[in-house]
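Protein chains in written order, with my numbering: chain A, 1 to 187; chain B, 1 to 187; chain C, 1 to 187; chain D, 1 to 187.
All C-beta atoms in this analysis are idealised placements derived from N, C-alpha and C, irrespective of residue type, glycine included.
Some notes on the structure that comes next.
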DNA sequence: GATGAATGAGAGTTCATTCAT
DNA sequence: TATGAATGAACTCTCATTCAT
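Structure below.
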């Protein structure tokens, strides 16, 4: 295995564990055991556990944004693209590994003063907002900036709660409800 | 101090620490040091740390529901009661100790198999949903059951994301956006 | 309940627990919970946990010596009295609460410097030796002192290992073997 | 120090303490302090304290069986081999660290449901029985199986009580008495 | 570049005993 | 005399990280 492959292998392994069981609950020993590498090998690739956390967040986000973009761009223009994020979530929710939002989960586990991780999370959400703004402006004509902002923020908030609450209630009703309200929002 | 007073004193102390710094990040030693009691005293009142967690969640919830109910019932009927939860959150957000939703924060920290804490959290959210349903049916006439459910769920989801996202983005824009969408929902 | 009755009630309760689960494994809290008394009540009757231990040993011993004496005196003179201790043990072994010798069990749990408990245990064994010597001299005629001592010590040692080893191996073969050797010893 | 050396160093240290002061009375902190290692180092070598207990029992047993076998094989055939175990014990008893049988001591301290340790102890005693059976059949001609079994069990029981009782009474008379009875048994 | 044993600090929990009521 | 909440010390065990090889 090449250097960069090992690094990615560590990230994959850690991601599965962090996302499934939580950041604090997952120990370094568990990661190296599942990855099949030595402890110092891990520390040759990452300075601290927090660094692995950031790599995990970035990995999840990149993968997610690509999948989301592909999904929505594959839908017919209009309503199906605007509400595509909820339909995408319906698929995502069915995945047995679905466990809510990694950002929300992680931010709850780190101390408030950990700015590095907080920044990464905020940036990811800003990027999601940018993407949604793009989808909104592409699919609704003649919108004022204020209207675009309102709809974008609304869809974003509804999506975020649909993720959190479907996980919390262990049910998909929040996804359907969020989509309903979203449909009214873009009408 | 009486027995029950000490118990409440422990809950208060632990609540502040859990809510501010997280459940796993807060150790028993920190709680007893801040509460000024011996370790075994704490364990005379609570069987395990998880039991303190449940007491913390219940305490936060009880306090919150009373304050929310009082706030909304003090508003004029109609729009101001229906959107009152967002106005309440604006006040709540200004509190320097505001740190997002204790349920969402806690659920991210405990293992999936911890059913006792999960149940407590789900029950709290169900109670909030019940309260919102009550507000909706009291303030909007001639609603079908389906319409009442849709509006209730919508307000609930918007409120939940307003809490999470204002905390995540360290800004109150999600509260205003959520209120805007809520206003359209009940129009 | 009278003062002395409470004391005996504590001893009974503690004895069952000490004998079944061990001295160190049995906590004060377990004793008072099972006895249904307050903690300070226990400490009004006993200065320390070690004092309860001594009371437990004395209680077991007294009960045991009376039962053993009655059993042997109820047998026909000769072989049946001389080997009666093994037959008695066969009954004792069948008792579901049988758990080996309280002396051996207890001496393994206390520090070497605890002379009070050690003395009590040594005295109990001396008393058992005295009783056996009495049985031997009463049932075998024309014994020299040396012969009486040899047989007494032999029966004692065989009995002691029959207790220990039947418990250790969870089987009654040591009792039968010990009786066989004892039979040869008195032949 | 090599890895296996440290492990053996831990076993040696823990064995001395367990055997001298008891299993429950000896804390992890005492072991690491005397061994001069860090707590986590100990836990890198042993999963739990119970695992150290088993290593202690095995270590004692191995050392003991080798010494016993050498001692007996060094004696002239016949009576001196058959009763060699008692002569061996006389030497063993003189050792200032003599503190009775580690099996009997340990079994008194662990809960009944601890099968792992119980099994180890029962196996050790079975191995001692096998060895004694071997000595008996090698040194007495023309024995029926039943006779061999009777003598083996008798010697075993006498040896076991000689260990326990010399320790309990802090005197070597039980060893001499046991040898006397053993001599009669093989006569 | 890779290893894995060793670490110090800290985790949550339980103990026998005391003392104000 | 009886209570039971409060205590300090001790318990077993785990953590992320370092360093000699």
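Residues, ordered as in the chain, of the region 120 to 145 of chain B that lie near chain A by beta-carbon distance below 8 Å
121, 122 and 125
Please report the straight-line C-alpha distance between residue 148(C) and residue 57(C), rounded to a whole angstrom.
Taking the first residue of the third chain as position 1, residue 148(C) is located at position 148. Taking the first residue of the third chain as position 1, residue 57(C) is located at position 57. Approximately 28 Å between the Cα atoms of the pair.
Helix, strand or coil: which one does DSSP assign to residue 172(A)?
For this step, residue 172(A) is matched to residue 172 along the first chain. DSSP places residue 172(A) in coil when its eight states are reduced to three.
Whole angstroms is fine: what's the gap from residue 106(B)'s alpha carbon to residue 90(A)'s?
Here the question's residue 106(B) lines up with position 106 in the second chain. Here the question's residue 90(A) lines up with position 90 in the first chain. If you take the alpha carbons of residue 106(B) and residue 90(A), they lie about 25 Å apart.
Could you pull out every residue in the same chain whose Cβ sits closer than 8 Å to the Cβ of residue 72(B), ignoring the five residues on either side in sequence?
Indexing the second chain from 1 puts residue 72(B) at position 72. Counting only Cβ-Cβ distances below 8 Å, and skipping sequence neighbours, we find 81, 84, 85, 88 and 135.
Distance, residue 49(B) Cα to residue 39(C) Cα:
Here residue 39(C) is taken as the residue at index 39 of the third chain, counted from 1. Here residue 49(B) is taken as the residue at index 49 of the second chain, counted from 1. Roughly 25 Å between the two C-alpha positions.
What three-state label does DSSP hand residue 184(A) in the structure shown?
Within the first chain, residue 184(A) is the residue found at index 184, counting from 1. Helix, per DSSP.
I'd like the span of the alpha helix (DSSP H) that includes residue 74(A), first residue to last.
Position 74 of the first chain, counted from the first residue, corresponds to residue 74(A). Where residue 74(A) is concerned, there is no enclosing alpha helix (DSSP H), given that its DSSP letter is neither H nor E.
For the region 75 to 107 of chain A, which segments carrying the alpha helix (DSSP H) assignment without a break, of at least 4 residues, lie completely within its bounds, in sequence order?
79 to 82, 84 to 94 and 102 to 107
Measure the alpha-carbon distance for residue 146(B) versus residue 137(B) and round it to whole angstroms.
As a first step, residue 146(B) is located in the second chain; it is residue number 146 there, counting from the start. As a first step, residue 137(B) is located in the second chain; it is residue number 137 there, counting from the start. Residue 146(B) and residue 137(B): Cα-Cα distance of roughly 12 Å.
Are the C-beta atoms of residue 158(A) and some chain B residue less than 8 Å apart?
Residue mapping note: residue 158(A) aligns to position 158 of the first chain, counting from 1. It does; some Cβ of chain B falls within 8 Å.
Determine the direct distance from the alpha carbon of residue 152(B) to that of residue 133(B), and round the result to whole angstroms.
Along the second chain, read from residue 1 onward, the residue named residue 133(B) stands at position 133. Along the second chain, read from residue 1 onward, the residue named residue 152(B) stands at position 152. Residue 133(B) and residue 152(B): Cα-Cα distance of roughly 5 Å.
Any beta-carbon of chain B closer than 8 Å to the one on residue 74(A)?
Here residue 74(A) is taken as the residue at index 74 of the first chain, counted from 1. Chain B, which has no Cβ nearer than 8 Å to the Cβ of residue 74(A), makes this no.
Excluding sequence positions up to five away, which residues of its chain have a Cβ less than 6 Å from the Cβ of residue 110(A)?
As a position in the first chain, residue 110(A) is number 110, starting the count at 1. Same-chain partners within the cutoff: 117.
Check whether chain B comes within 8 Å of residue 154(A), counting only Cβ atoms and requiring the distance to be less than that.
Along the first chain, read from residue 1 onward, the residue named residue 154(A) stands at position 154. Chain B contact via Cβ: present.
In angstroms, rounded to a whole number, what distance separates the CA positions of residue 108(B) and residue 108(A)?
Sequence index remark: in the second chain, residue 108(B) carries index 108 (1-based). Sequence index remark: in the first chain, residue 108(A) carries index 108 (1-based). Using only the alpha carbons, I get a separation of about 6 Å.
Out of 186(D), 32(D) and 34(D), which one is the CA nearest neighbour of residue 142(D)?
Start at 1 with the first residue of the fourth chain, and residue 142(D) comes out as number 142. It is 186(D) whose Cα lies nearest to the Cα of residue 142(D).
Does DSSP put residue 141(D) in a helix, in a strand, or in coil?
The residue you call residue 141(D) lines up with position 141 of the fourth chain. Note: residue 141(D) maps to coil in three-state DSSP.
With three or more C-beta pairs closer than 8 Å as the rule, is the region 20 to 32 of chain C touching the region 57 to 71 of chain C?
no
Would you check if the distance between the CB atom of residue 161(D) and the CB atom of residue 178(D) is smaller than 8 Å?
Taking the fourth chain and counting its residues from 1, one reaches residue 161(D) at position 161. Taking the fourth chain and counting its residues from 1, one reaches residue 178(D) at position 178. Yes, they are a contact pair.
When you compare the CB of residue 180(D) with every CB in chain C, is at least one pair closer than 8 Å?
Against the fourth chain, residue 180(D) aligns to sequence position 180. It does; some Cβ of chain C falls within 8 Å.
Per-residue contacts from residue 61(C) into chain D (C-beta, under 7 Å)
On the third chain, position 61 is the one that residue 61(C) refers to. Within chain D, no residue comes near residue 61(C); the closest Cβ sits about 14 Å away, beyond 7 Å.
Check whether chain A comes within 8 Å of residue 184(B), counting only Cβ atoms and requiring the distance to be less than that.
Here residue 184(B) is taken as the residue at index 184 of the second chain, counted from 1. Yes, its Cβ sits closer than 8 Å to a Cβ of chain A.
Going by beta-carbon coordinates alone, are residue 100(A) and residue 167(A) separated by less than 8 Å?
For the purposes of this step, residue 100(A) is taken as residue 100 along the first chain, with counting starting at 1. For the purposes of this step, residue 167(A) is taken as residue 167 along the first chain, with counting starting at 1. Closer than 8 Å, so yes.
Chain D partners of residue 24(C), CB-CB under 8 Å?
In the third chain, the residue the question calls residue 24(C) occupies position 24. What residue 24(C) touches in chain D: 24, 25 and 109.
Do residue 169(A) and residue 150(B) have their CB atoms nearer than 8 Å?
Taking the first residue of the first chain as 1, we reach residue 169(A) at position 169. Taking the first residue of the second chain as 1, we reach residue 150(B) at position 150. Contact: no.
Backbone CA spacing between residue 11(D) and residue 63(B) [nearest angstrom]
Here residue 11(D) is taken as the residue at index 11 of the fourth chain, counted from 1. Here residue 63(B) is taken as the residue at index 63 of the second chain, counted from 1. So the two alpha carbons sit approximately 55 Å from each other.
Less than 7 Å between the CB of residue 109(B) and some heavy atom of the ligand SAH, yes or no?
Among the ligands in the structure shown, none appear at all, so the ligand SAH cannot be discussed.
In the DSSP assignment, find the alpha helix (DSSP H) that holds residue 112(C) and state where it starts and stops.
Here the question's residue 112(C) lines up with position 112 in the third chain. Element bounds for residue 112(C): n/a, residue is neither H nor E.
So, residue 45(B) versus residue 7(B), is the Cβ gap smaller than 8 Å?
Position 45 of the second chain, counted from the first residue, corresponds to residue 45(B). Position 7 of the second chain, counted from the first residue, corresponds to residue 7(B). The answer is yes: Cβ separation under 8 Å.
Take residue 19(A) as the anchor and find which of 119(A), 43(A), 54(A) and 42(A) has the nearest alpha-carbon.
As a working mapping, residue 19(A) is identified with position 19 in the first chain. Nearest of 119(A), 43(A), 54(A) and 42(A) to residue 19(A), Cα basis: 54(A).
Within a Cβ cutoff of 7 Å, which residues of the same chain sit near residue 15(C), ignoring the five residues on either side of it in sequence?
As a working mapping, residue 15(C) is identified with position 15 in the third chain. Answer for residue 15(C): 56, 59 and 60, listed in chain order.
Proximal residues of chain C, C-beta to C-beta of residue 169(D) below 9 Å:
As a working mapping, residue 169(D) is identified with position 169 in the fourth chain. Correct list: 122, 125 and 126.
Taking residue 24(C) as part of the alpha helix (DSSP H), name the residues at either end of that continuous run.
Here residue 24(C) refers to the residue found at position 24 of the third chain. Element bounds for residue 24(C): n/a, residue is neither H nor E.
Distance between residue 174(C) and residue 65(D) (C-alpha atoms, nearest Å):
By 1-based counting over the fourth chain, the position of residue 65(D) is 65. By 1-based counting over the third chain, the position of residue 174(C) is 174. When rounded, the distance between both Cα atoms is 22 Å.
With a 10 Å radius around its C-beta and 16 neighbouring C-beta atoms as the bar for buried, classify residue 119(C) as buried or exposed.
Walking along the third chain from the start, residue 119(C) turns up at place 119. Exposed, because fewer than 16 other Cβ atoms sit within 10 Å of the Cβ of residue 119(C).
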